[in-house]
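One structure below.
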Amino acid sequence: ETPIADTLRLSLPTSSLTLVAPQGARWYGASLENSYPGPLLHTIGYNGAFYTTFNQRNFIEQLHLLRPRLLIISLGTNDMLVNRFSSEHFASEVRSFVRALQRALPSTAIILTSPISAYKTKRVGRRVYRWEVCRYAPDVAKTLEQEASNLGCGYIDLYSAFGGIAKVDALLDAGWLSKGRVHLTREGYDEAGRAIAYALLKDFRGYVERQRPLFYQKRAQVDAH
């Protein structure tokens, strides 16, 4: 099946809509937009997702309909919670997904972020479990950094920004890690969002500084003529 995008323009504020699709059609969702200036942000995801979860043809085709200029991929938490972790296998999954995105979205900039440290349960008896720090978090972060470099993607190291394994207890004490000790709380996600925003801003400022010598050089050439 081929996804089809259509546009519904509303001239007045609307609180609800009823759409009737042809028989056999499948509804994938809506992109809510307005005429105000500034970036438009879409978030896609759900708990329990791995890199392989999104490496599906239908998902990538649907993503293409949004025509994103920047795509930030924040996956890897569930990939690091496995009992046995293979850097080679994980790297292969990352490459497969990102290359499929690059083929479908050649003009889209892609950034990978590493997951923040978390806990996992370990069975120590028939019905007895205990919490332990996920030991594969640094391996996932290292693999993502390497693959981002190989694939020509950006990389934001949230793992190190939040202190790595050594600071996972502090995340729990600060209320940034949920009681399930895997996902962040709302406050934790707010902090992660700020870290990503600051990283993007820092990189942009660096880009502007790098362009200044080129700007002055071109200006000098123009003045000389």
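Be aware that the sequence shown starts at 15, since it is given in this note's numbering, and climbs by one per residue.
Cβ atoms here follow ideal geometry from the backbone N, Cα and C, with glycine treated the same way.
The structure presented is a predicted model; accordingly, all values stated were derived computationally and were not measured.
Got a sec, what are the start and stop residues for the alpha helix (DSSP H) L84 sits in? Premise fails: L84 lies in the beta strand (DSSP E), L84 to I87, not in any alpha helix (DSSP H).
Decide if D93 is buried, meaning its Cβ has at least 16 other Cβ atoms within 10 Å, or exposed. buried
Span of the beta strand (DSSP E), counted from its first residue to its last, around K156: No beta strand (DSSP E) contains K156, which is instead part of the alpha helix (DSSP H) from A151 to L165.
Outcome for G90 when other beta-carbon atoms lying within 10 angstroms are tallied against a minimum of 16: buried
Of the residues R23, G194, S174 and R200, the one placed nearest A213, counting alpha carbons only: S174
Where does V112 sit, in a helix, a strand or coil, going by DSSP? helix
Are the Cβ atoms of I125 and A151 separated by less than 8 Å? no
Where does the unbroken alpha helix (DSSP H) through V182 begin, and where does it stop? V182 to D187
Backbone secondary structure at G43 - three-state DSSP: coil
With contact counted as at least three CB pairs below 8 Å, one residue from each stretch, are the stretch 184–192 and the stretch 200–217 in contact? yes
What residues match up with I11 in a beta bridge as DSSP calls it? Because the chain in this structure spans residues 15 to 239, residue 11 falls outside the shown range and cannot be described.
For Y143, which beta-bridge partners are listed by DSSP? R137
Could you give the distance in angstroms between the alpha-carbon of L172 and the alpha-carbon of K193? 20 Å
Kindly list the residues whose CB is nearer than 7 Å to the CB of A63, restricted to its own chain and excluding five residues on each side of it in sequence; keep chain order. L89 and N92
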